[in-house]
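The block underneath contains the structure these notes are about, expressed in structure tokens.
There are 2 protein chains.
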Amino acid sequence: MKVHILGCYAATPRTLTNPTAQVLEIKNHLFLIDCGEGTQVELRRQKIRFSRINHIFISHLHGDHFFGLPGLVASFRLLGRQKALHIYGPKGLKEAITLLLKLGNSWTNYPLLFHELVEDQPVTLYEDEVVSVDTIPLDHRIYTNGFLFREKPSPRKLNVEATRKYRIPKEYFQLIKQGNNYELEDGTLISNRELTLDPPAPMSYAYCSDTAFNPRIVPQISGVQVLYHESTFLRTEHQLALKTGHSTAAEAAEIARQAGVAHLILGHYSTRYRDIEKFRQEAQTVFPEVLLAEDGKSFEF
Amino acid sequence: MKVHILGCYAATPRTLTNPTAQVLEIKNHLFLIDCGEGTQVELRRQKIRFSRINHIFISHLHGDHFFGLPGLVASFRLLGRQKALHIYGPKGLKEAITLLLKLGNSWTNYPLLFHELVEDQPVTLYEDEVVSVDTIPLDHRIYTNGFLFREKPSPRKLNVEATRKYRIPKEYFQLIKQGNNYELEDGTLISNRELTLDPPAPMSYAYCSDTAFNPRIVPQISGVQVLYHESTFLRTEHQLALKTGHSTAAEAAEIARQAGVAHLILGHYSTRYRDIEKFRQEAQTVFPEVLLAEDGKSFEF
Chain A
0 MKVHILGCYA
10 ATPRTLTNPT
20 AQVLEIKNHL
30 FLIDCGEGTQ
40 VELRRQKIRF
50 SRINHIFISH
60 LHGDHFFGLP
70 GLVASFRLLG
80 RQKALHIYGP
90 KGLKEAITLL
100 LKLGNSWTNY
110 PLLFHELVED
120 QPVTLYEDEV
130 VSVDTIPLDH
140 RIYTNGFLFR
150 EKPSPRKLNV
160 EATRKYRIPK
170 EYFQLIKQGN
180 NYELEDGTLI
190 SNRELTLDPP
200 APMSYAYCSD
210 TAFNPRIVPQ
220 ISGVQVLYHE
230 STFLRTEHQL
240 ALKTGHSTAA
250 EAAEIARQAG
260 VAHLILGHYS
270 TRYRDIEKFR
280 QEAQTVFPEV
290 LLAEDGKSFE
300 F
Chain B
0 MKVHILGCYA
10 ATPRTLTNPT
20 AQVLEIKNHL
30 FLIDCGEGTQ
40 VELRRQKIRF
50 SRINHIFISH
60 LHGDHFFGLP
70 GLVASFRLLG
80 RQKALHIYGP
90 KGLKEAITLL
100 LKLGNSWTNY
110 PLLFHELVED
120 QPVTLYEDEV
130 VSVDTIPLDH
140 RIYTNGFLFR
150 EKPSPRKLNV
160 EATRKYRIPK
170 EYFQLIKQGN
180 NYELEDGTLI
190 SNRELTLDPP
200 APMSYAYCSD
210 TAFNPRIVPQ
220 ISGVQVLYHE
230 STFLRTEHQL
240 ALKTGHSTAA
250 EAAEIARQAG
260 VAHLILGHYS
270 TRYRDIEKFR
280 QEAQTVFPEV
290 LLAEDGKSFE
300 F
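Chains as they are written, first to last, in numbering that gives the first Met the number 0: chain A, 0 to 300; chain B, 0 to 300.
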């Protein structure tokens with residue numbers, strides 16, 4: 000599992016930072032999460048192929064999370080896309096994108112499918128044999144969802160040594176991988192447990208931005224591998240976080256601690272701070288495994 | 000007069016080029032012309048102060064000419080803007096920007112004034128004591144206007160030597176600058192012409208993008224100082240230019256020649272071409288004074 004940070008700063012344009020967008024690479028899918036202005040350029044810069052993106056998840060309709068979407072939708076057309084593009088996001092997104100295309104008389108020549116969200120409970124947006132995506136209802140100034148990406152457990156792996164030990168013919172391997180036991184000629188039953196190995200633990204990624212401190216999400220994200228949680232402010236600006244529906248680094252870490260995640264990635268920093276290392280320091284007083292998002296950075300798990 | 004090129008490439012996102020946007024600095028105004036995605040970042044990169052932009056002119060509603068506008072409008076708000084912002088562009092622009100702001104519940108805290116265009120004849124969009132801005136109706140796939148920026152003639156300058164020669168008291172200088180003659184004590188009339196000098200020739204800038212070859216604009220832009228004319232294609236792609244409502248470099252030069260302009264700036268290059276020097280070569284077979292726009296380049300006249 001790989002997370003490519005295209006942009007991880009809050010909206011205020013005082014510097015040359017990118018607004019929010021990231022690509023999650025999981026089980027051979029490339030999921031684009033949020034799409035701030037400049038996402039196209041960052042995709043190109045990081046050499047991520049546009050054609051591999053088939054699903055885009057928009058958390059909420061503040062400009063710094065979706066003003067790059069109309070241009071991306073238009074570029075897909077110019078690049079000759081034919082595959083369907085699925086966009087998941089709050090109600091209103093379809094009207095906006097459709098209006099912008101209509102004004103330019105620039106309809107897409109590929110199927111553009113909107114999945115609009117109004118639910119305030121988790122819903123499953125996508126599911127196939129290897130991965131699922133659910134919403135994580137968040138608490139921001141406007142209707143906002145995070146997204147929970149989960150790999151499905153892989154089948155157990157054949158324990159080659161054990162199959163040799165019991166001289167099991169190849170024809171039975173598929174049955175064993177499917178969970179069956181094996182009976183020796185003398186009637187002894189060898190348990191599937193002994194004939195197989197644990198598969199790698201399924202990866203999971205919870206994306207939570209933007210949101211006020213909201214412990215109600217903890218049960219849903221409990222035990223995830225990686226939590227990306229916004230930390231727009233430091234504790235010193237706690238009042239501002241409350242007022243604007245954002246979190247401090249310490250609050251993000253508190254969610255990570257309560258949920259018992261393996262890694263916390265911080266991001267969505269206000270551009271008022273020159274030194275983002277301070278976010279790590281503040282978070283680590285609460286939770287140790289802290290990573291800092293930075294524009295152009297990738298994390299592999 | 001200064002032209003800052005923020006972006007000068009056509010839409011196809013094969014490379015790291017910017018879509019169209021430029022700033023015209025004329026008589027202490029900063030006029031933003033078109034606003035492709037990434038305009039904000041380029042403004043910051045070129046250190047152009049956001050607060051000096053009060054008028055934005057949008058030629059047409061293809062994404063590569065206005066998808067940077069919602070973000071810019073939102074950033075003005077975050078930067079605490081209070082002054083009115085005037086946006087001139089085709090009908091539909093107000094609905095689009097308003098919808099995007101409404102979805103984010105992010106209204107501006109400054110007056111945002113739209114001046115929507117439907118006319119197919121030139122109209123005056125802006126006028127003050129020193130400058131005027133008119134539309135130039137163009138011929139593209141959708142409703143499109145260019146813009147003609149004209150300095151007004153400055154008042155004639157006092158010829159200090161002549162006032163000394165005729166020993167004219169200072170009290171009369173203002174009257175002379177206003178165009179009056181002066182009568183000597185012996186009754187001789189000294190003409191204003193002799194007492195004043197020509198002011199600098201008024202500057203003018205015609206922005207024509209996007210457009211097919213369209214000689215009907217020649218009378219309106221006749222004799223302008225600087226013509227920015229799109230040249231999406233080279234002559235070898237003439238059929239493609241016809242089909243898409245764009246111009247070749249040779250056609251842009253032909254407009255410059257017929258209009259007798261002083262300088263032609265080419266831009267809006269298709270990203271299919273690696274070497275933009277070829278645009279200059281092609282244009283110079285028709286018209287000599289050719290300049291090539293490039294992202295990040297400024298021209299002073």
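Glycine included, C-beta positions come from ideal geometry on N, C-alpha and C.
- Under a criterion of Cβ atoms nearer than 8 Å, no residue of chain A is adjacent to His114 (chain B); the nearest Cβ is some 16 Å distant.
- A direct Cα-Cα distance of roughly 16 Å separates Thr19 (chain B) from Tyr87 (chain B).
- Collapsing the DSSP output to three states places Gln224 (chain A) in coil.
- Beyond the five residues adjoining it in sequence on each side, Ala161 (chain A) comes within less than 7 Å, by CB distance, of Glu193 and Leu194 in the same chain, given in chain order.
- Nearest neighbour of His139 (chain B) by Cα position, chosen from B:Leu15, B:Thr231 and B:Met0, turns out to be B:Thr231.
- Within chain A, Arg140 and Ile141 have C-beta atoms less than 8 Å from the C-beta of Asn104 (chain B), given in sequence order.
- His61 (chain A) has a beta carbon lying within less than 7 Å of a beta carbon in chain B.
- Contact of Phe66 (chain B) with chain A by beta-carbon distance below 9 Å involves Glu36, Phe66, Gly67, Pro69, Gly70, Ala73 and Leu99.
- DSSP, reduced to helix, strand and coil, places Arg149 (chain B) within a strand of the structure shown.
- Annotation: Cβ neighbours of Arg44 (chain B) in chain A (cutoff 9 Å, chain order): Leu15.
- At a beta-carbon threshold of 9 Å, the residues of chain B lying near Thr11 (chain A) are Ser74, Leu77 and Leu78, ordered along the chain.
- In this structure, the straight-line span from the alpha carbon of Ala258 (chain A) to that of Pro218 (chain A) is close to 7 Å.
- If you look at Asn191 (chain B), you'll find it in the alpha helix (DSSP H) that goes Asn191 to Leu194.
- Between the C-alpha atoms of Pro198 (chain B) and Glu293 (chain B) there is a straight-line separation of about 32 Å.
- If you draw a 10 Å sphere on the C-beta of Thr134 (chain A), you find 16 or more other C-beta atoms in it, and that means buried.
- Under the Cβ criterion of 7 Å, Gly178 (chain B) is not counted among the residues facing chain A.
- Under the three-state reduction of DSSP, Lys242 (chain A) is assigned to helix.
- Between Lys46 (chain A) and Glu24 (chain A), the gap from beta carbon to beta carbon reaches 7 Å or more.
- Gly103 (chain B) is positioned such that its CB atom lies no closer than 7 Å to that of Leu68 (chain A).
- For Glu128 (chain A), the closest C-alpha among the options A:Arg149, A:Ile254 and A:Leu77 is that of A:Arg149.
- Beta bridge pairing from DSSP links Gly266 (chain B) with B:Glu229.
- Here Ile55 (chain B) is bridged, per DSSP, to B:Leu31 and B:Ile86.
- Around the Cβ of Asn27 (chain B), a 10 Å sphere holds fewer than 16 other Cβ atoms; the residue is exposed.
- Against Val40 (chain B), the close residues of chain A are Pro12, Leu15, Asn17, Glu36, Gly37 and Val40, in the order they occur along the chain (beta-carbon pairs closer than 9 Å).
- Neighbours of Gly145 (chain A) in chain B, taken as residues at a C-beta separation under 7 Å, are lacking, since the least C-beta distance is about 18 Å.
- Close to Gly222 (chain B), with beta-carbon spacing below 7 Å, lies no residue of chain A; the smallest spacing is near 33 Å.
- Closer than 7 Å to the CB of Ala200 (chain B) there is not a single CB belonging to chain A.
- Around the CB of Glu281 (chain A), 16 or more other CB atoms lie within 10 Å, so the residue is classed as buried.
- In the DSSP annotation of this structure, the continuous segment of the alpha helix (DSSP H) that includes Ser74 (chain A) starts and ends at Leu68 to Leu77.
- Taking one beta carbon from each stretch, the stretch 204-218 of chain B and the stretch 237-254 of chain B have 3 or more pairs nearer than 8 Å; the two touch.
- Residue burial annotation: Arg48 (chain B) is exposed, with fewer than 16 other C-beta atoms found within 10 angstroms of its C-beta.
- Scanning chain B for C-beta atoms nearer than 9 Å to the C-beta of Glu94 (chain A) yields Leu98 and Leu102, reported in chain order.
- Here Phe286 (chain A) is buried: its Cβ has 16 or more other Cβ atoms, across all protein chains shown, within 10 Å.
- A buried status is given to Ala95 (chain A), since no fewer than 16 other beta-carbon atoms sit within 10 Å of its beta-carbon.
- In the displayed model, Gly62 (chain A) falls within a helix according to three-state DSSP.
- An exposed status is given to Ala200 (chain B), since fewer than 16 other beta-carbon atoms sit within 10 Å of its beta-carbon.
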